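Have a look at the structure below, then the notes.
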Amino acid sequence: MSEPYQVLARKYRPRNFSEMVGQTHITKTLINALDANNLHHGFLFTGTRGVGKTTIARIFAKSINCERGISSKPCGICPTCVEIDSGQSIDLIELDAASHTGIDNMRDILENAQYTPSKNRYKIYLIDEVHRLSKNSFDALLKTLEEPPEHIKFLLATTDPQKIPVTVLSRCLQFTLQKLTDKEILGQLKFIMDAEAHKYEESALAQIANFGNGSMRDALSLLDQSIAYGNGSVNLEDIKAMLGLVRSDDILTLTKHLLNLDAEAVIGFVKELAHKGENLTRALQDLSSLFHQMAIVKIIDNAGVEAEIKTLAAQISSQDLQLFYHIAIGGNKDIALAPSEQIGLEMTLLRMLSFHSKSDFEQKKTPETAKIKQVEKTEPIAQKPAKSTFSVSSQSQWEDLINSINFNVPVLSLLKNTIFSSYDKQILTLNLDQQFSNILTDNAEKSIQKTLQENFENIGLKINIGELTEQTLAQKETQAKKQKTTDLQQQFLADSGVQKLQEAFNSKVDINSIEEIKET
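Rendered as structure tokens:
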């Protein structure tokens, strides 16, 4: 009779610290403590699911109860080690706090804690998801943690240490387990597949490692499922079919439609993905990852990135790429709230297109819309004020004009730093100092042009960047303001009352502290 199948997560659970994958910052500390026989009475292991909290706790339990003595390398073959590995040790009491939350459960457990171990060196309490204990249960646990018997060790594990009272935390050594990297998980998956003599594609295992999201147990559960799905072998196409993942070629195609600002192609492609039953939430996550790779390529010449990704990155500005990524990340949060995955993805992609710097969707009018607008124009339109002729011919006239026309604040600040050059053939030419070239954006120049055309007939605009030899309006205003402040300071210091106060207190007024009080 063949042996019953044992899931990979249990079959390949580490039996000693040397078999642990990752978490070296924790295993090193515990190994040193065991070898020095410097053992605390309470240990708290925190971290997300499937990263090795209870596994490390069991290895530690073997290390302190091994019949060959306390050691960081338990023998694994003595009766005690075998019993702990099989979950049959009577001196290792494993509890799930989720089902033992009440004070009565904890009181019974702690009353038994006063008795010495049945056969081992220590009686060990391994409490998983300890944050689920009630307040009264924590109070009871705290009393034992404050004055623990010498034969007791507490090994606590939790995914949410913030819910554990500070009084309990302060009496335990806390170890925070990190998520495993894709590389660490992939290495273990390859080891297991080789040991099981299964055929596999490394790219398929890499996909499983990535989908595990830092959890070895989740990755091994997926590996079990994929082995069954592929009848003993694991390949990338089967993994994508099993998990409902979108093919990388499809993500690239969708990105091309986005870069072409082709809304019709984008919506049509999403419908195709939905019709094939693809995981659209995962598709948006993959799209976010692709945007990340493209952003890296634009800054760093990454030889490890595919040529096609480099080509895509060259077709979009860094600003639009950052915008796309930001919208995709926001869409990942919002898609769960949408009426359907498809609608959530479509709206996220349309948002990208709408906010692209070259988007012109709002300007596109259908013939039907134009007809409706014509019908609606039944009331007479008020005549706009007649435009005047532009007659500026000097810097002083230009400065007067700047203050007389209603430019918006950013544009007004820009224009005050310009020098009038000429007005010839209906083209106004201005000079702007090099140091202000960064604020001369396309939008700013368009705004100036628009305001001028609203006030003057047939006027064009040209702004040259260079070194100025004449004072601008902004410089004159700054100089005038400084002079006014200086005059006020001198006037204040000349006041007889101020002078008497300085003499009486043998002090001097800080001239820089004298400022004009503006009326509100």
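Per the working numbering, the sequence shown starts with residue 72, numbered consecutively.
For glycine and all other residues, C-beta sits at the position ideal for the given N, C-alpha and C.
Just so it is clear, the structure is predicted and the values come from calculations on it, not from any experiment.
**Message:** Tell me the residue span of the beta strand (DSSP E) that contains Glu165.
**Reply:** 163-167
**Counterpart residues of Gln245 in DSSP-defined beta bridges** = Leu115
**Prompt:** Alpha carbon to alpha carbon, what distance is there between Ile398 and Lys547?
**Reply:** 45 Å
**Request:** Tell whether a beta-carbon distance below 8 Å holds between Phe507 and Ser459.
**Result:** no
**Asked** Hey, would you say Asp471 sits closer than 8 Å to Ser428, going by beta carbons?
**Response** no
**Prompt:** Counting along the chain, where does the beta strand (DSSP E) carrying Ala107 start and finish?
**Reply:** That residue, Ala107, is in no beta strand (DSSP E); it is neither H nor E in DSSP.
**Item:** Pairwise C-alpha distance: Gln77 and Gly303
**Value:** 15 Å
**Residue environment, Glu90, which counts as buried when at least 16 other CB atoms sit within 10 Å** = exposed
**Asked** With 16 as the cutoff for other CB atoms within 10 Å, does Leu216 come out buried or exposed?
**Response** buried
**Prompt:** Would you say Asn87 and Asn136 are within 8 Å of each other, going by their C-beta atoms?
**Reply:** no
**Prompt:** Does the separation of the CB atoms of Ile102 and Phe116 fall below 8 Å?
**Reply:** no
**Message:** Buried or exposed, going by whether 16 or more other CB atoms sit within 10 Å of the CB of Ile235?
**Reply:** buried
**Prompt:** Alpha carbon to alpha carbon, how far is Pro75 from Val305?
**Reply:** 22 Å
**Prompt:** Within 10 angstroms of its Cβ, does Gln573 collect 16 or more other Cβ (buried), or is it exposed?
**Reply:** exposed
**Request:** Can you check the segment 193-230 for any alpha helix (DSSP H) of at least 4 residues that lies completely inside it and give the ranges in chain order?
**Result:** 206-217
**Separation of Ile498 from Val463, as counted between CA atoms** = 11 Å
**Message:** Helix, strand or coil for Asp372? Go by DSSP, reduced to three states.
**Reply:** coil
**Item:** Environment of Gly537 [buried if 16+ CB atoms lie within 10 Å]
**Value:** exposed
**Request:** Spell out the partners DSSP gives Tyr271 in its beta bridges.
**Result:** Val305
**Request:** Give a yes or no on contact between the segment 329-340 and the segment 359-375, applying the rule of three or more CB pairs nearer than 8 Å.
**Result:** no
**Request:** Return helix, strand or coil for Asn479, following the three-state DSSP convention.
**Result:** coil
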